[in-house]
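Engineer: A single structure is presented below for examination.
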Amino acid sequence: MASSATWDAVDTMPKLGYSKNQLHVYNIDDYHAIHGIRRPDTTSTSSANYFATCVAKPVLETQSVLLVHNNISIHNPANIEAPRICWHLINNYTGIFDIPYFERQLYWVSRNRLVINELDRIDALMVHNYNDNLEKRKEERLMEDLKLVGFNEQGLNSVEDYIKAITLILSINNKTRHLDNCVAPLVADWPGQLFIRKALYMKPPPRDIEPFLPILGLLHLSLNSRKHVFLVHYSFFEKLFYFVFGSGKTLAKKPRLWRINLILELTRNGWVKIQDKIIEKFGKTCKDLKYRTTIDLLNNIVPATLDIYTNLFRAGLFDEYVETVFCIWTFTLRWKRKNYNKAPLAYLSDVFYWKDNDHPFFDIIRMHLPYFNEYYVENTHSRIRANTSPNATVDNIIKQAYVISKLVTFFYY
Numbered sequence: 001m002a003s004s005a006t007w008d009a010v011d012t013m014p015k016l017g018y019s020k021n022q023l024h025v026y027n028i029d030d031y032h033a034i035h036g037i038r039r040p041d042t043t044s045t046s047s048a049n050y051f052a053t054c055v056a057k058p059v060l061e062t063q064s065v066l067l068v069h070n071n072i073s074i075h076n077p078a079n080i081e082a083p084r085i086c087w088h089l090i091n092n093y094t095g096i097f098d099i100p101y102f103e104r105q106l107y108w109v110s111r112n113r114l115v116i117n118e119l120d121r122i123d124a125l126m127v128h129n130y131n132d133n134l135e136k137r138k139e140e141r142l143m144e145d146l147k148l149v150g151f152n153e154q155g156l157n158s159v160e161d162y163i164k165a166i167t168l169i170l171s172i173n174n175k176t177r178h179l180d181n182c183v184a185p186l187v188a189d190w191p192g193q194l195f196i197r198k199a200l201y202m203k204p205p206p207r208d209i210e211p212f213l214p215i216l217g218l219l220h221l222s223l224n225s226r227k228h229v230f231l232v233h234y235s236f237f238e239k240l241f242y243f244v245f246g247s248g249k250t251l252a253k254k255p256r257l258w259r260i261n262l263i264l265e266l267t268r269n270g271w272v273k274i275q276d277k278i279i280e281k282f283g284k285t286c287k288d289l290k291y292r293t294t295i296d297l298l299n300n301i302v303p304a305t306l307d308i309y310t311n312l313f314r315a316g317l318f319d320e321y322v323e324t325v326f327c328i329w330t331f332t333l334r335w336k337r338k339n340y341n342k343a344p345l346a347y348l349s350d351v352f353y354w355k356d357n358d359h360p361f362f363d364i365i366r367m368h369l370p371y372f373n374e375y376y377v378e379n380t381h382s383r384i385r386a387n388t389s390p391n392a393t394v395d396n397i398i399k400q401a402y403v404i405s406k407l408v409t410f411f412y413y
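In UniProt numbering, the protein residues as written are 1 to 413.
Written as structure tokens, this is what we have:
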């Protein structure tokens, strides 16, 4: 079968370098072998092949974490605990969300917790571009030791699909035993979190999946939040766009992400320049609905969605990051987002559970936050797409994926 080409076929195993004493972060995501132009000029339909991709990144100078520490499992027996989240919200965050995010950001900058420079802002415009051939790259983005664990032809649409994908990792563990009684953090988008979490809490759970710990993929949360901010407040951004670029330009209803990033960044920078004059003109107590909605957009929604991945997550500012995850959740709840009004709560419940029970994984994620990133698999997909032809067979795509993973240098962020 074409889909039977695995890591064994390209002699990957001898160089994987898995160690019982090294923590690895895993990504599992779906890859669609679609090569097409944005504006098709033909009437023919296209077909796509679907693959499950699994990559692993070692967390340098970090040892593996036991599944059970002092009789406390890495998995919360209660799954997602609303009372625990409420307790932390009341006792640790009361009053914080009464302060505009923009002011919280200034506070972090004044305390030298957050540093923002012009190069960071330029780079942030392309943060969701997963190609690595951009001219401006940072030296720390050079990523070594990323491993393509598995690349199989299959979909990822159910619990069974994700269990099948996880066997890509388990097939290696059968030889290395590096996951025995240890945690395997698995960073994924919402479907990955949902289905893997469902599998873990089955009665009884599927065999051998207990090590896997689904974690919120912040890159996707950032991407979806920015898109939704733009769509919800499209009329505002449309007026801004034509004011800046002129009526001769056209703003699509669903622009490319780099354009959304540009408009959001222009919005933030413009607000910095005029904020004091606007507040002086209208005061802080004006109750006009349109005015309050606009102030909320400029003071809270735009800066929080821009900061959470590019400035907080990537800088490893864990406390500020968790606070902003809470903040983003309030936006998704307000917008009635079907999935992302739940994903942050699952993450927050886990974080507070680890912290309250002194589980060592809390210190790992707090000290090494940027490692828990799904950019690795997105960059891998970008490389595969760039190096395979539209007419490639399933078997050729799989083999090419493994060849690429062995020949190229990986970058992250």
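We treat Cβ as the ideally placed atom computed from N, Cα and C, and that holds for glycine.
#1: Would you identify the three-state DSSP class for Val187, choosing helix, strand or coil?
#2: Identify every run of the beta strand (DSSP E) within the region 160 to 243, keeping only runs that are complete inside it and at least 3 residues long; order them along the chain.
#3: Would you mind working out which of Ser405, Glu320, His75 sits nearest Asp366, comparing C-alpha positions?
#4: So what's Ala9 in DSSP terms, helix, strand or just coil?
#5: Drop a sphere of 10 angstroms on the beta-carbon of Asn391, count the other beta-carbons inside from all chains shown, and report buried for 16 or more, exposed for fewer.
#6: Give me, in chain order, the residues of the same chain whose beta-carbon lies closer than 7 angstroms to that of Ala304; leave out the 5 immediate sequence neighbours on both sides.
#7: Name, in chain order, the residues that DSSP records as bridge partners for Cys54.
#8: Check Ile260 in the structure and name its three-state DSSP category.
#9: What is the DSSP secondary structure of Ser349, counted as helix, strand or coil?
#10: Going straight from the alpha carbon of Pro83 to that of Ile72, what length do you get?
#11: Are the region 162 to 182 and the region 204 to 219 touching, with three or more C-beta to C-beta distances below 8 angstroms?
#12: On a CA-only basis, which of Asp98, Leu66, Asn152 is nearest Thr53? Give me that one, please.
#13: Ordered along the chain, which non-local residues of its own chain (more than five positions away) have a Cβ less than 6 angstroms from that of His359?
#14: Quick check on Gly246: buried or exposed, where buried means 16 or more other Cβ atoms within 10 Å of its Cβ?
#15: Exposed or buried, what is Thr393 when buried is set at 16 or more other beta-carbons lying within 10 Å of its beta-carbon?
#16: Does DSSP classify Ile72 as helix, strand or coil?
#17: Under 8 angstroms: do the region 264 to 278 and the region 187 to 195 share three or more Cβ pairs, one atom per stretch?
#18: Tell me, please, which residues DSSP counts as bridged to Leu66.
#19: Starting from Cys286 and walking both ways along the alpha helix (DSSP H), at which residues does that stretch end?
#20: Thinking just about the alpha-carbon of each residue, which of Cys86, Lys239, Leu257, Gln22 is nearest to the one in Asp145?
#21: Between which two residues does the alpha helix (DSSP H) carrying Arg366 extend?
#22: Of the residues Leu67, Asp395, Tyr347, which one's Cα is nearest the Cα of Asp180?
#23: What residues in its chain sit with their C-beta under 8 angstroms from that of Tyr347, if we drop five residues either side in the sequence?
#24: Can you name, in chain order, every residue of its own chain whose Cβ lies under 7 angstroms from the Cβ of Glu139, other than the five neighbours on each side?
#25: Under the three-state reduction of DSSP, which class applies to Asp395: helix, strand or coil?
#26: I need the boundaries of the alpha helix (DSSP H) containing Ala304, first residue and last residue.
#27: Taking only the alpha-carbon atoms, compute the straight-line gap between Asn174 and Val25 and give it to the nearest angstrom.
#28: Please classify Arg256 as buried or exposed, where buried requires at least 16 neighbouring CB atoms within 10 angstroms.
#29: Helix, strand or coil for Gly270 per DSSP?
Structural biologist: On the basis of the coordinates in this document:
#1: strand
#2: 184 to 188, 212 to 216
#3: The amino acid occupying residue 366 in the given sequence is Arg; Asp does not appear at that position. Measuring from the Cα of Arg366, the nearest candidate turns out to be Glu320.
#4: Because Ala9 sits at a pLDDT of 42, beneath the cut-off of 50, its placement in the model cannot be relied upon, and the point is left open.
#5: exposed
#6: Tyr101, Thr324, Cys327, Ile328
#7: Ile28, Gly150
#8: helix
#9: helix
#10: 19 angstroms
#11: yes
#12: Asn152
#13: His69, Ile72
#14: exposed
#15: exposed
#16: strand
#17: no
#18: Cys182
#19: From DSSP, Cys286 is part of no alpha helix (DSSP H); its letter is neither H nor E.
#20: Gln22
#21: 360 to 367
#22: Leu67
#23: Ile215, Leu216, Val325
#24: Caution applies to Glu139, whose pLDDT of 36 falls short of 50 and renders its modelled position unreliable; the value that the coordinates give is listed next. Taken in chain order, the list of residues that qualify is empty.
#25: helix
#26: 302 to 307
#27: 18 angstroms
#28: exposed
#29: helix
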